[in-house]
Amino acid sequence: MAESKLTPGTLYIDRDQDVLSGDWGQYVKIGIVRNDKEAALRNKEHQTGNPRRIHVIHSLESPMVENLETQLHHIFAPQRVLGEWFLLNDQDVSTRVVPEAEMIISNQQANIDLFISKSKMKSLESTGIVREPTPEESRLHSQVVDAKHDLDIKLAKLGVIKGVLLDYAKNSGGIPGILNLQSRIIKAALQKPKLKAEHPDIYQQYETMQLSAPRGAVMIKGGASLKKLDQQLYNDQKQATSSSIFKIKHLDQPLCEHEPAIIDHHNNYLSRLGDIAKAEWLHESLRAQLAVQLGQDEGIEGLIAWKRLRKEEWKFDAVMFAAHHPQLYETYLAPEKAIIAALISLGRPYKTN
Numbered sequence: 002m003a004e005s006k007l008t009p010g011t012l013y014i015d016r017d018q019d020v021l022s023g024d025w026g027q028y029v030k031i032g033i034v035r036n037d038k039e040a041a042l043r044n045k046e047h048q049t050g051n052p053r054r055i056h057v058i059h060s061l062e063s064p065m066v067e068n069l070e071t072q073l074h075h076i077f078a079p080q081r082v083l084g085e086w087f088l089l090n091d092q093d094v095s096t097r098v099v100p101e102a103e104m105i106i107s108n109q110q111a112n113i114d115l116f117i118s119k120s121k122m123k124s125l126e127s128t129g130i131v132r133e134p135t136p137e138e139s140r141l142h143s144q145v146v147d148a149k150h151d152l153d154i155k156l157a158k159l160g161v162i163k164g165v166l167l168d169y170a171k172n173s174g175g176i177p178g179i180l181n182l183q184s185r186i187i188k189a190a191l192q193k194p195k196l197k198a199e200h201p202d203i204y205q206q207y208e209t210m211q212l213s214a215p216r217g218a219v220m221i222k223g224g225a226s227l228k229k230l231d232q233q234l235y236n237d238q239k240q241a242t243s244s245s246i247f248k249i250k251h252l253d254q255p256l257c258e259h260e261p262a263i264i265d266h267h268n269n270y271l272s273r274l275g276d277i278a279k280a281e282w283l284h285e286s287l288r289a290q291l292a293v294q295l296g297q298d299e300g301i302e303g304l305i306a307w308k309r310l311r312k313e314e315w316k317f318d319a320v321m322f323a324a325h326h327p328q329l330y331e332t333y334l335a336p337e338k339a340i341i342a343a344l345i346s347l348g349r350p351y352k353t354n
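First residue of the sequence shown: 2, per the working numbering; consecutive thereafter.
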């Protein structure tokens, strides 16, 4: 799970209006502009070539605007039609979307200093001290662990639903508007271990020792695995995500037709995204709070470890090597590889009965 970016900006909610009739559209756009770029300027860009005039009907400032957008997109995923456009009337916007956005922003404002402090601490070497916890830190740790357990269970249940949808689509090219197959290219990469083993003298000419910046991962102790939390759910998730069932050939297969059971599972999938977004935020904010409590120390006994050290690392200059030895570089370059990714739609761009 990636950490939320500390990017301030503006969340805007748009609705379009027919230039000739004056009729308002039934969809709203929930989008963002980062930093000082005005929503009006962003709308001017979208307005180009559009016969419907776009109006900003609400705008809100956020200290973590990308996180705000993600949470709202997930919370209102059942009303999402395509991209950033949602099927929401004016009452939905004023009584649901705006209050939800204001609550998220309030939580962000209450925690932004924690996230900033934690971000700064990444570049500070830890002291090597592992100390005993205070009662407050022990209570906070319990909250972090509980939040992680709750998040893991929610994610596992979502994974099981995805597995069901994958199973429906296994002999097809996907399910229109629900499960899309995309071809992704894994770029060619230099096989450095093989090159080093077979041409050590040449390899060493392009290898230098560098001292890294302080780095290390935050490790929360004392949590239980999903297997211990819920054995059956663990087994179900493992079965649902055991392997990819799609190959390149599936891109040419006919699409799977919609049926009520498939739509029900997709609706179930979408309805869970909002709770997961909230659970991710709670876990991330509590985890940041415990990390800040740790400070520059290396750990709190039984609760958390965050070893941030500078390390001597060997770096290989592949660009210079390729320039000096182009033929040898090509010889040890692994070929590009195409893989198929199965993506569940995060909205409903299809009609439902």
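Just so it is clear, CB atoms sit at the ideal spot from N, CA and C, and this is done for glycine as well. The model shown is predicted, which means the values in this text are computed figures rather than measured ones.
| Beta-carbon separation (whole angstroms), Gln18 vs Asn68, contact threshold 8 Å | Actually they are not in contact, since the Cβ atoms of Gln18 and Asn68 sit about 30 Å apart, beyond 8 Å.
| If you draw a straight line from the C-alpha of Pro52 to the C-alpha of Lys119, how long is it? | 47 Å
| Lys121 versus Glu199 - alpha carbon distance | 42 Å
| Between Glu281, His259, Gln294, Ala157, which lies nearest to Tyr351 when the distance is taken from Cα to Cα? | His259
| query | Between the segment 135-154 and the segment 285-298, are three or more C-beta pairs nearer than 8 Å? | reply | Three or more beta-carbon pairs separated by less than 8 Å link the segment 135-154 to the segment 285-298, which places the two stretches in contact.
| Cross-strand partners of Phe322 (DSSP beta bridge) | Phe322 pairs with nothing; no bridge assigned.
| query | Can you name the start and end residues of the alpha helix (DSSP H) that Tyr28 belongs to? | reply | Annotation: Tyr28 is outside any alpha helix (DSSP H); the continuous beta strand (DSSP E) that includes it extends over 25-35.
| request: Drop a sphere of 10 angstroms on the beta-carbon of Gly222, count the other beta-carbons inside from all chains shown, and report buried for 16 or more, exposed for fewer. | output: The amino acid at residue 222 is misidentified as Gly; the sequence shows Lys. Counting Cβ neighbours within 10 Å, Lys222 comes out exposed, since fewer than 16 surround it.
| message | With distance defined between alpha-carbon atoms, name the residue in Ala241, Ala306, Lys195 nearest to Pro134. | response | Ala306
| query | Cα separation between Leu295 and Gly217? | reply | 14 Å
| Is it true that the segment 173-182 meets the segment 246-266, where meeting means three or more beta-carbon pairs spaced less than 8 Å apart? | yes
| Whole-angstrom Cβ separation of Ser272 and Pro79, contact assumed at under 8 Å? | 6 Å
| field | Helix, strand or coil at Trp282 [DSSP, three-state] | value | Three-state DSSP puts Trp282 in a helix.
| According to the neighbour-count rule (16 or more other Cβ atoms, all chains shown, within 10 Å of its Cβ), is Leu274 buried or exposed? | buried
| Contact test: Arg132 Cβ vs the ligand GDP heavy atom, cutoff 6 Å | The model depicted lacks the ligand GDP and carries no ligand whatsoever.
| Taking the alpha helix (DSSP H) that Ala148 falls in, what are its first and last residues? | Element bounds for Ala148: 136-169.
| field | Pairwise C-alpha distance: Thr209 and Leu227 | value | 42 Å
| said: Whole angstroms are fine: how far does the CA of Gln232 sit from the CA of Leu167? | reply: Their Cα atoms are separated by approximately 22 Å.
| query | Under the three-state reduction of DSSP, which class applies to His267: helix, strand or coil? | reply | helix
| So Gln240 and Gly164 are in contact, right, with Cβ under 8 Å, and what is the actual spacing, rounded? | 7 Å
| task | Could you tell me if Ile186 is buried or exposed, where buried requires 16 or more neighbouring beta carbons within 10 angstroms of its beta carbon? | result | exposed
| request: Assuming Tyr367 and Asp318 form a contact by the criterion Cβ under 8 Å, report the distance between their Cβ atoms to the nearest whole angstrom. | output: Residue 367 cannot be examined here, being either before or after the span of the chain that is shown, 2 to 354.
| field | C-beta atoms of Ile162 and Tyr270 nearer than 7 Å | value | yes
| message | Can you tell me whether Glu199 is helix, strand or coil according to DSSP? | response | helix
| query | According to DSSP, which residues form a beta bridge with Phe87? | reply | Val29, Arg81
| query | Which first and last residues belong to the alpha helix (DSSP H) in which Lys338 is found? | reply | First-last for Lys338: 338-345, but that is the beta strand (DSSP E), not the alpha helix (DSSP H).
| task | With DSSP as the reference, label Ser22 as helix, strand or coil. | result | coil
| task | Compute the Euclidean distance between the alpha carbons of Leu337 and Ala189, then round it to the nearest angstrom. | result | In the sequence as presented, Leu is not what sits at residue 337; that position holds Glu. The straight-line gap from Cα to Cα measures roughly 4 Å.
| said: If I measure Cβ to Cβ from Leu125 and keep anything under 7 Å in the same chain, skipping five residues before and after, which residues do I get? | reply: Closer than 7 Å at Cβ, skipping near neighbours: Pro215, Gln297, Arg309.
| Simplified DSSP assignment, three categories, for Gln297 | coil
| field | Minimum length 4: unbroken alpha helix (DSSP H) runs contained in the segment 89-136 | value | 99-122
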